[in-house]
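Protein sequences, first through last, are from chains A, B and C.
So the first sequence is numbered by the working numbering: it starts at 3 and just counts up by one.
So the second sequence is numbered by the working numbering: it starts at 35 and just counts up by one.
So the third sequence is numbered by the working numbering: it starts at 51 and just counts up by one.
Glycine included, each C-beta is placed from N, C-alpha and C at the ideal position.
What you are looking at is a predicted structure, and each value in this text was computed from that prediction instead of being measured.
The next block holds one structure in the form of structure tokens; read it before the comments.
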Amino acid sequence: MVEGLGDALAMKVKVNEIELDLPAGTSAIDAVFQAGYDVPYFCSQEYMSPIGACRLCLAKVGAPRKDRGSGEWILDEETGEPKIFWFPKPMATCTTAVMEGMVIDTKCEETKRAQKSMMEFTLINHPLDCPVCDKGGACELQDRAYEYGDGVSRFAFDKRHQEKHHALSPLITLDRERCIHCKRCVRYFEEIPGDEVLDFIERGGHTYIGTLDDGLPSNFTGNITDICPVGALLDSTSRFRGRNWEYRHTRTTSTDDSSGSSIMVDSRTGRIERVKAARHTKINHDWLDDGTRFGHEYVDAPERLKTPLIKEDGQFREASWEEASSLIAERLQAASSVGVAVRADATLEEAVGAHALAKALNGAYDYYPKTAASVVPDAPQATFDDLATSDAILVISDLTEEVPIADLRVKDALKGVTPPEPMAHGIPIADLRLKEHMPKKTDILTVAGPYHVDLMIYAGRKLTYDLGHEVALLSALLNLAQGKDAEVAGLGADRDSLNPLVNQLKDSDNAVIAYGSWVLGSAEATSLVNDLAEAVDAKLLPLAPMANSRGLELIDTTGDNVLGSASALLLSNLNPAQDTQLKQRLEGLEFLVVHDCFMTETAELADVILPAKTGYEKEGTIVNLEGRMLPLTAVDVDGGGSEDLTGVVKALGDALGSRLDGRSVRSARRKLKADWEIDLAELPSEGVLPDESLSNHFQASTASSSPADVNVVIVPTMVRPEYLAYNPSLETAHGALSLRVHPDDANKYGLPVGERVKLDVSGVTRYLVVKEDNRVAPGLALVPALPEQPLGLAFADLQRAERAPLATPKPPAPVEPTLEVSA
Amino acid sequence: MSDAVADKPQAITSRHDPRYQVTLYEHVGVENAWTLDYYLSHDGYGAAKKALTTMQPDDVVGEVKKSGLRGRGGAGFPTGVKWSFMPKPDGRQRFILCNGDESEPGSFKDRYIFEDDPHQLIEGLIIAGYAIQATKGVVYIRGEYHKGYERLVAAVKEARDAGYLGKNLFNSGFEFDVIVHRGAGAYICGEETALMNSFEGLRGNPRMKPPFPAQAGVYGRPTTINNVTSITSSVHIIRHGANWFAGMGPEDSRGTKLYQVSGCVNKPGVYEMPMGATFGELIHDFAGGTSEPAKAFIPGGSSTPMVPFTDEYLSAPMSYDGIVEKGSMLGTGGIIVIPQEKCIVNFMWNCIRFYGHESCGKCTPCREGVATWMPKMFQKLVMGRGEPGDLELIETMSDNIKGTGFCVHADAAMWPIDASIKHFRDEYEYIIEHGVSKYPRTTWWKD
Amino acid sequence: MTQLPVITPYFADKQEVVDEILGRYPDYGRRSAVMPLLWEVQRGERHINEARIAEIADIVGMHATEVKGVMSFYSTYHEHPVGKYHLQVCATLSCSLAGADEMYDYLVDKLGIVNGETDKEGRFSIQKVECLGSCGTAPVLQVNDTYFECVTRSRCQHLLDQMRADSLPEPWRERGGDNVSAEKAQPLQTPASQTSGGES
């Protein structure tokens with residue numbers, strides 16, 4: 003920004019013949035694109051710092067000058083206009099800020115020559131293996147070389163030879179020959195997640211990308227494959243699976259967690275080959291966590307159920323939907339009490355159907371997992387952008403695992419730069435406010451948790467409170483906020499450090515408190531966090547446990563403890579049989595229908611199994627943790643005869659002889675439009691954040707409170723534990739579900755480190771690999787949550803852990819139809 | 035030379051002028067000159083005391099401005115003006131950073147200051163730090179100068195122990211200390227923003243400007259970066275006054291400067307001379323003349339364009355503008371005299387190999403042009419595999435590289451190539467046509 | 051599980067060295083300590099291996115990758131052990147004009163190793179380096195940290211003999227220009243015309 007040159011808010015800039023008014027601080031490259039012109043570039047990347055390294059965006063640039071003495075513009079004697087002084091050499095437009103009166107010429111010979119010669123240099127060492135490169139057809143270098151290159155090479159020497167198949171991690175393959183050193187990936191790790199696990203090694207012509215941190219320890223590694231402008235960094239799971247033009251690209255919303263991140267799903271011949279980030283300017287920008295990106299392989303797992311199965315004489319046989327539906331309708335009508343329960347990543351439309359079905363059967367409908375308190379705050383709701391622009395943040399969660407995208411947005415806030423405003427051509431290509439190695443404003447961040455969570459590395463204040471002390475922590479903060487005395491024992495902090503936190507939240511105009519299931523698991527803690535927010539005037543960001551936990555609160559549930567009371571059940575994507583007590587109950591049911599993708603422990607107990615669609619195959623709507631309604635678009639996947647819940651409702655409705663609401667997505671939307679006056683069919687791809695909260699029908703969970711004996715924290719995990727066994731790449735990269743203990747405890751209880759054990763965790767049978775972790779307090783064990791065993795406290799007798807050397811017993815594959823059965 | 039004005043003495047522009055005094059190198063070469071005792075017995079820290087106790091910081095900046103001192107690192111930016119770019123003190127830590135990453139082939143003046151007269155540098159840092167209100171000085175010394183590093187570290191300790199560094203210096207209330215930071219072999223770290231990165235523990239890639247160091251330098255804090263001899267010059271400017279310094283050298287280039295002579299001369303070494311003295315005076319009168327017939331000389335370190343070894347160029351004054359008129363630059367004042375029998379193509383291969391090896395690899399033209407393609411072209415010529423068109427390709431490639439790099443490294447690598455082709459095109463054409471050099475001599479090592 | 055050999059951290063018994071190095075820099079500049087720490091390890095072990103890199107990363111609070119990125123940027127940090135006598139031949143312009151290429155060939159011939167190699171006994175290693183700032187006293191041979199200047203063929207031979215006998219001599223004094231000797235250094239006020247330099 004240049005002081006004293008015209009209006010700071012609007013600078014007159016001319017690109018070729020187009021005149022523009024641009025805010026001060028805009029980069030020249032964005033001026034060019036705003037004007038509808040083009041320059042090539044490789045190193046610049048939206049949401050990251052411009053560095054001027056690739057030099058492709060060079061252009062002839064000039065500006066008028068003021069006379070030092072008079073302060074008047076120096077005029078051109080011929081035209082009487084301010085005289086344009088051209089810079090003596092072409093300027094990298096990505097690192098040049100616009101100035102009042104600046105002129106950018108992208109058409110002149112000088113510009114063209116500079117760009118052409120930079121393209122020549124870029125290409126001299128780039129291999130000519132486009133025909134076998136996954137990026138071919140979607141390659142920035144290919145496109146730009148075609149547009150701006152010369153077509154012939156004058157470089158008559160051998161090209162640089164380097165490693166072509168370097169596995170940076172089980173998920174990412176690096177071809178060092180293809181790298182053009184744009185530094186996007188290196189900057190990405192430093193600037194976006196802050197995990198600097200990739201760097202340039204060596205210098206000059208020998209520079210290459212490398213790591214010493216085994217397997218890229220970060221939850222956000224896959225993004226570098228999206229932003230690599232060439233085929234140097236590739237998603238190993240989709241390598242050599244298809245060419246870009248063969249893929250069908252479907253933009254949809256991820257149901258992996260409650261962030262509602264936008265994804266682009268590339269499918270081919272009925273398979274999902276890869277998931278890439280789709281830009282959502284308010285949620286995930288251009289990024290995804292690895293759980294979301296790589297957690298799709300289960301969709302195409304051979305074990306997936308694709309036809310209805312009916313149990314006869316203890317054996318499942320294949321059946322048609324009609325046969326299965328008639329049987330179900332008949333048996334459920336006969337049952338003394340019916341319950342319909344769905345998992346909380348079901349869409350709004352599915353919930354409408356489940357609700358209608360339960361009603362038609364005089365039964366009850368509910369969803370799981372249930373939090374003890376509503377995921378809709380009473381205090382004002384924060385958005386992701388509120389989080390990213392806050393200057394006082396309190397996080398009570400392992401954010402990096404619970405909702406990883408929220409972790410990235412906290413790191414946006416640490417930069418102290420507001421999210422960029424889109425221009426006519428989109429997000430600014432070169433946001434000059436962003437720099438490499440920006441100091442992080444760690445003092446604005448406080449992170450609290452019962453153990454050392456990853457985000458604490460960036461927190462100016464860390465509170466490692468004693469297990470189960472969420473209520474104590476929040477009441478202490480509330481008391482301090484109300485000027486009262488507070489008990490601080492067990493909070494991992496003394497009063498002198500809690501007071502500044504409270505004051506910081508109070509003093510801030512945009513404080514945000516983000517809290518996950520450790521708080522939501524307690525009605526008292528949730529109520530306290532709402533009171534605290536009101537006392538310090540902060541907004542709240544509750545981290546809902548599943549993709550549509552928030553949306554399902556909006557649909558009336560009709561049951562109370564459906565799982566525990568009904569005598570016949572229809573369970574969609576739920577696996578309560580992992581709990582030994584519930585398993586016994588399920589075994590005693592009059593009738594059990596399971597709607598799922600896989601033969602789970604619960605499905606094995608079922609009388610009828612209906613094959614379910616995954617979140618990728620659904621059409622529908624979810625409500626993310628901000629309250630934003632987001633559309634799901636069905637990806638072209640060969641799911642065989644699987645159906646989502648609306649399909650189940652249609653089939654059962656037909657068998658019952660009634661047209662139920664929610665028998666199709668359209669039908670459910672008609673119902674919701676009548677109730678809410680929102681037409682979900684019209685949702686834009688970035689969704690809608692309704693102005694007012696829709697009515698909330700939350701019913702608290704009836705799950706028993708914390709067991710008296712506690713030594714386990716159920717912790718969030720970025721991967722979906724229920725599908726991990728069917729996501730081999732993700733399991734290879736991140737390891738199986740683990741039991742994390744302090745090395746001393748592993749010793750004390752004789753836990754076999756690195757081996758798999760079977761362990762009863764508060765009644766739920768878990769298969770876990772023992773991992774030592776110095777950051778876990780002695781006496782504590784961390785176990786990842788299941789949808790059926792939500793975050794919170796639990797008990798396990800570690801001494802009774804049994805070795806279970808085989809992998810989690812994979813449910814048997816569907817029974818192959820035999821001649822006798824089909825006859 | 036214009037006639038002297040009656041009331042204003044003519045500026046000293048020759049070391050033969052009896053009024054000329056050696057100052058920067060007064061103690062270099064003297065046994066034990068690196069000790070505090072020796073330094074104190076030669077009016078050591080007197081200038082710092084004078085500045086801190088009798089002058090305001092702005093007066094020091096003013097005095098240096100008035101002296102006409104220009105940066106001795108190569109670019110020649112007026113030192114006092116640079117100092118005045120520092121923002122007003124705002125409570126943030128401020129730094130004076132001394133660039134001692136002397137790596138330009140042909141330059142070796144700072145090395146002997148580190149080794150023989152480190153207290154002079156410390157005193158200069160105190161003065162510069164006081165002028166810009168920085169309480170921390172940093173000396174970035176190139177990693178290979180091990181002896182210099184040890185002497186400097188010892189001197190800092192001595193000074194600290196004796197109260198010449200620390201709090202309340204000379205009872206003025208001013209606090210100052212010095213961090214000595216050792217490089218590890220990277221020419222590019224002599225570029226000021228790369229040097230800041232290197233000091234901060236990052237890779238030594240140049241940084242984007244703006245922000246300029248004065249706004250956000252090391253650790254994002256206000257910083258001024260000066261060459262070693264710019265800083266030591268300030269000691270003598272304060273001691274003898276700006277007028278003394280301004281009384282030497284032509285209008286654009288005041289003061290005394292260290293010149294380094296190497297190559298085929300009889301007495302290579304560092305010579306302190308007033309600015310404006312001619313190359314001829316330095317090479318013939320002080321460096322003992324050439325040891326064998328010479329055909330060219332590089333006037334200011336390897337990046338400056340070479341010029342023929344003729345009277346036309348030897349009579350040029352060693353001043354910032356004087357040599358620019360002749361198509362070259364003064365740079366660091368490192369003069370390399372090239373013998374007649376040295377093959378220019380071979381010499382330039384050595385030169386471009388150096389720039390290629392030292393490219394940081396950040397930007398495309400430098401990584402692919404300077405570090406990869408251009409050295410391969412020269413290697414091809416030297417190996418006798420040159421083809422028609424190669425010389426033209428080198429020339430157009432050089433044009434494509436110049437003015438497109440992120441920092442000036444790429445340009446600095448091309449200037450000498452352009453100059454060698456301009457003056458010795460026949461040698462290039464000869465080696466391409468014949469496959470052997472016009473000057474095939476390969477034995478230069480003395481027994 | 052296979053038991054990996056336990057590697058004693060380099061700085062395990064050198065906390066005061068670490069403290070001194072960290073103490074040089076302000077709190078917010080902890081990262082600056084990475085280069086001096088690398089120097090420290092290299093001085094002790096003649097190279098810096100990955101375990102040491104990880105150790106340094108821990109000390110300064112960086113990832114090992116970043117430390118490696120920094121270390122590999124510079125040409126004087128070694129990944130593999132160099133010899134007891136690490137011979138660094140300046141091959142740049144002025145030294146080249148004084149016969150550095152022949153000196154390099156001579157060393158290769160005598161030692162049987164080339165640029166980047168260490169001999170079997172670990173006594174010698176050779177590295178071609180760029181300008182060492184000894185242009186006025188070319189050619190220069192840097193042995194570990196010490197400069198040997200104006201190296202003639204006979205001096206080079208003598209040096210090799212001495213190193214083979216493990217008695218590296220003190221470097222001879224070679225100066226040109228104004229920096230000649232105590233007697234010749236000119237005090238202020240002396241007509242400069244008498245201050246002529248020259249090799250002794």
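| Check | Outcome |
| --- | --- |
| Under a three-way DSSP split, which group does TYR127 of chain C fall into? | coil |
| Check distances from the C-beta atoms of the stretch 93–121 of chain A to those of chain B and list, in chain order, the residues that come in under 7 Å. | THR97, ALA116, SER119, MET120 |
| At which residue ranges does the stretch 538–589 of chain A contain complete beta strand (DSSP E) runs of 3 or more residues, listed in the order of the chain? | 541–544, 570–574 |
| Compare the beta carbon distance of ARG742 of chain A and ALA798 of chain A with 8 Å and say whether it is the shorter of the two. | no |
| Going along chain A in order, which residues have a C-beta closer than 7 Å to the C-beta of PHE123 of chain C? | ARG205 |
| Please state if the CB of ILE455 of chain B and the CB of PRO399 of chain B are separated by a distance shorter than 8 Å. | no |
| Between the Cα of GLU305 of chain A and the Cα atoms of A:LYS620, A:ALA614, A:SER740, which residue gives the shortest distance? | A:ALA614 |
| Measuring alpha carbon to alpha carbon, tell me which of A:ASP414, A:GLU438, A:PRO421 ends up nearest GLN446 of chain A. | According to the sequence provided, residue 446 of chain A is Ile. The question's Gln does not apply to it. The shortest Cα separation from ILE446 of chain A among A:ASP414, A:GLU438, A:PRO421 belongs to A:ASP414. |
| Tell me TRP170 of chain B's beta-bridge partners as DSSP assigns them. | Note that residue 170 of chain B corresponds to Lys in the displayed sequence, not to Trp. Bridge partners of LYS170 of chain B: B:PHE129, B:ASP211. |
| With DSSP collapsed to three states, give me the class of LYS118 of chain A. | helix |
| If you follow the alpha helix (DSSP H) that ARG387 of chain B is part of, which residue opens it and which one closes it? | 378–392 |
| Quick one: any contact between the stretch 125–137 of chain B and the stretch 297–313 of chain B, if contact means 3 or more CB pairs under 8 Å? | no |
| What is the DSSP secondary structure of THR820 of chain A, counted as helix, strand or coil? | Any answer about THR820 of chain A is weak, because its pLDDT of 47 lies below 50 and its placement is not dependable; what the coordinates show is given next. Correct three-state label for THR820 of chain A: coil. |
| Checking 8 Å against the spacing of the C-beta atoms, do THR113 of chain A and ALA30 of chain A come in under that value? | no |
| Could you tell me the alpha carbon to alpha carbon distance between ASP638 of chain A and THR255 of chain A, rounded to whole angstroms? | 15 Å |
| Whole angstroms is fine: what's the gap from GLY139 of chain A's alpha carbon to ASP228 of chain A's? | 14 Å |
| Let me know if SER697 of chain A comes out buried or exposed under the rule of 16 or more other beta-carbons within 10 Å of its beta-carbon. | exposed |
| Suppose only complete runs of 4+ residues qualify. What are the alpha helix (DSSP H) ranges in the stretch 23–111 of chain A, listed by chain order? | 30–36 |
| Taking all protein chains shown into account, do 16 or more other C-beta atoms lie within 10 angstroms of the C-beta of VAL252 of chain B, making it buried, or fewer, making it exposed? | buried |
| Would you verify that the beta carbon of GLU95 of chain C is, or is not, closer than 8 Å to some beta carbon of chain A? | no |
| Quick check: what's the CA-CA separation for GLY107 of chain B versus VAL201 of chain C? | 29 Å |
| Mind checking the stretch 17–49 of chain A against chain B and listing, in chain order, the residues whose C-beta falls within less than 7 Å of any C-beta there? | none |
| Anything in chain A within Cβ reach of LYS170 of chain C, meaning under 8 Å, just list it in chain order. | Correct list: empty, because the minimum Cβ distance to chain A is about 27 Å. |
| Assign GLN586 of chain A to buried or exposed, taking buried as 16 or more other Cβ atoms, counted over all protein chains shown, within 10 Å of its Cβ. | exposed |
| Quick check on ALA337 of chain A: does DSSP put it in helix, strand or coil? | coil |
| When the cut-off is 8 Å and only beta carbons count, does VAL149 of chain C lie next to chain B? | The sequence given here places Gly at residue 149 of chain C; Val does not occur at that position. For GLY149 of chain C, the answer is yes, since a Cβ of chain B falls inside 8 Å of its Cβ. |
| To the nearest angstrom, how far is it from the Cα of VAL416 of chain B to the Cα of THR477 of chain B? | 16 Å |
| Closer than 9 Å by beta-carbon distance: list the chain A residues that pair up with LYS118 of chain C, in chain order. | ASP201, ILE203, GLY212, THR213, LEU214 |
| Assign LEU203 of chain B to one of three DSSP states: helix, strand, or coil. | strand |
| So, for GLU536 of chain A: in the same chain, excluding its five sequence neighbours on each side, which residues have a beta-carbon less than 7 Å away from its beta-carbon? | ALA381 |
| In angstroms with no decimal places, state the Cα-to-Cα distance between ASP201 of chain A and MET431 of chain B. | 30 Å |
| Whose Cβ in chain A lies nearer than 8 Å to the Cβ of GLU100 of chain C? | LEU214 |
| DSSP three-state label for SER260 of chain A, please. | coil |
| Find out if the Cβ-Cβ distance for the pair PRO284 of chain B, PRO333 of chain B is shorter than 8 Å. | no |
| Ordered along the chain, which non-local residues of its own chain (more than five positions away) have a Cβ less than 8 Å from that of ARG459 of chain B? | LEU425 |
| Does ALA114 of chain C come within less than 8 Å of chain A when only Cβ atoms are used? | yes |
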